[in-house]
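Colleague:
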Amino acid sequence: MSLNPRTGFTLFEFFVQSEPRTQAVPDTTMFHENQNVCKTRTGFTLVELLVYIAIFSMAAVFLISILTTVTRTQVRQASANDVTREITFVADTIQRYVRAASAVESILGVPTSTLVLRMSTATVNDRVKIYVNSEGTAIYVEEIPDGQAAGTPVALTDDRVTVGQFLVTPFQNPGGTAVVEVNMTLVSSSGKQGAQVARSWQSAIAKVSAATFDSNLLPVSDIGPNRGIGTALRKWQDLFLSGTISTDGGVGIGTVAPAGTAKLRSAGDIGVTTSAAGIVLTSPNGTCYRIGVSNAGTITTSTATCPASW
Numbered sequence: 001m002s003l004n005p006r007t008g009f010t011l012f013e014f015f016v017q018s019e020p021r022t023q024a025v026p027d028t029t030m031f032h033e034n035q036n037v038c039k040t041r042t043g044f045t046l047v048e049l050l051v052y053i054a055i056f057s058m059a060a061v062f063l064i065s066i067l068t069t070v071t072r073t074q075v076r077q078a079s080a081n082d083v084t085r086e087i088t089f090v091a092d093t094i095q096r097y098v099r100a101a102s103a104v105e106s107i108l109g110v111p112t113s114t115l116v117l118r119m120s121t122a123t124v125n126d127r128v129k130i131y132v133n134s135e136g137t138a139i140y141v142e143e144i145p146d147g148q149a150a151g152t153p154v155a156l157t158d159d160r161v162t163v164g165q166f167l168v169t170p171f172q173n174p175g176g177t178a179v180v181e182v183n184m185t186l187v188s189s190s191g192k193q194g195a196q197v198a199r200s201w202q203s204a205i206a207k208v209s210a211a212t213f214d215s216n217l218l219p220v221s222d223i224g225p226n227r228g229i230g231t232a233l234r235k236w237q238d239l240f241l242s243g244t245i246s247t248d249g250g251v252g253i254g255t256v257a258p259a260g261t262a263k264l265r266s267a268g269d270i271g272v273t274t275s276a277a278g279i280v281l282t283s284p285n286g287t288c289y290r291i292g293v294s295n296a297g298t299i300t301t302s303t304a305t306c307p308a309s310w
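Numbering follows our numbering, in which position 49 of the sequence shown is assigned residue number 49; successive positions increment by one, without gaps.
1) Who are the near neighbours of G230 in its chain, counting only those whose CB is closer than 6 Å to its CB and skipping five residues on each side?
2) Specify the secondary structure class of L46 as computed by DSSP and reduced to three states.
3) Runs of 4 residues minimum, wholly inside the stretch 224-298: which ones carry the alpha helix (DSSP H) assignment?
4) Give the secondary structure of A138 by DSSP, where H, G and I count as helix, E and B as strand, and everything else as coil.
5) Which residue's Cα is closest to the Cα of S275: A100, A206 and I291?
6) Give me, in chain order, the residues of the same chain whose beta-carbon lies closer than 6 Å to that of D82; leave out the 5 immediate sequence neighbours on both sides.
7) Does the beta-carbon of I245 have 16 or more other beta-carbons within 10 angstroms, so that it is buried, or is it exposed?
8) Determine the DSSP secondary structure at F31, reduced to helix, strand or coil.
9) In angstroms with no decimal places, state the Cα-to-Cα distance between I319 and G109.
10) Please list the terminal residues of the continuous beta strand (DSSP E) segment that includes V154.
11) According to DSSP, what are the bridge partners of N173?
12) So for A304, helix, strand or coil by DSSP?
13) For the stretch 168-182 against the stretch 100-115, do three or more pairs of beta-carbon atoms, one drawn from each stretch, fall closer than 8 Å, so that the two count as touching?
14) For a cutoff of 9 Å on Cβ pairs, would you count Y131 as touching chain B?
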């Protein structure tokens with residue numbers, strides 16, 4: 001084997017060294033597998049989680065606040081509807097009874113928590129009492145039949161409300177107009193927060209009953225000023241009675257009533273329409289005589305029944 005004059009190698013060594021050499025290629029399969037594994041393990045950082053949690057917390061608080069506000073508004077509106085419905089019903093009932101009554105029996109000019117009305121008809125003399133119970137929780141109406149001391153109480157309000165105030169004041173105006181002033185406040189009894197609602201109602205209910213009286217015409221008290229019927233300057237014109245007249249004072253006919261022991265004074269004649277009647281006088285021994293007149297115009301006397309036994 002001859003040497004190559006240029007390289008100094010033999011021809012065999014030249015061919016061996018001149019053969020193309022395959023270089024080792026790194027195995028990238030493991031690298032790609034590891035890269036895929038890294039990709040599947042990607043996620044949120046701690047800072048991102050904290051930001052998301054803060055956003056969700058604020059949104060939850062905001063939604064809960066809206067829900068709470070809406071719930072409170074609904075509860076308060078429901079309580080307001082209950083109070084309005086109750087106070088309207090009580091007011092309508094009081095107006096109906098006052099306008100149907102024949103007289104107001106409560107003391108005039110004095111505020112009270114009990115209204116007493118007379119509901120007289122041609123045959124009965126019933127009464128109606130509207131009042132607040134002793135606990136102040138409800139308003140009742142009680143229809144009392146004629147001749148009885150009490151009736152059956154019926155509640156006008158239920159347990160959804162309590163009574164904050166109930167005052168009635170009767171007045172009697174000139175001309176025969178009775179006025180009942182009513183001051184009423186109802187409060188919701190709901191114990192929920194924000195559901196306390198109060199409604200007030202104030203009104204004056206008028207009743208005219210000047211033309212007809214179906215029972216006794218009574219003063220406020222037995223003795224006192226301003227208890228007369230009419231005055232010296234404002235007189236009634238005519239008075240027609242089918243019963244008797246009893247008085248502790250004097251009677252003046254066409255003039256003022258007498259003073260002292262006299263009980264009758266007349267500014268004109270006193271007429272007797274029948275001869276069987278006259279003036280009955282009592283003698284000192286207790287015998288009574290009727291003084292009359294004969295056809296000749298002379299005075300006559302005859303025994304009569306004494307007035308004490310009439």
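No residue lacks a Cβ here, since even glycine has one placed at the ideal position from N, Cα and C.
Modeller: This is what the structure holds:
1) Counting only Cβ-Cβ distances below 6 Å, and skipping sequence neighbours, we find W236.
2) helix
3) none
4) coil
5) I291
6) R160
7) Exposed, by the Cβ-count rule.
8) Only weak support exists for where F31 lies, its pLDDT of 46 falling under 50; the value from the coordinates is given anyway. F31 falls in the helix class under three-state DSSP.
9) What the structure shows of the chain is the stretch from 1 to 310, and residue 319 is not part of that stretch, so it cannot be assessed.
10) T152 to A155
11) T177
12) Residue state, collapsed to three classes: coil.
13) yes
14) Although the question refers to chain B, the structure presented lacks it and comprises just one protein chain.
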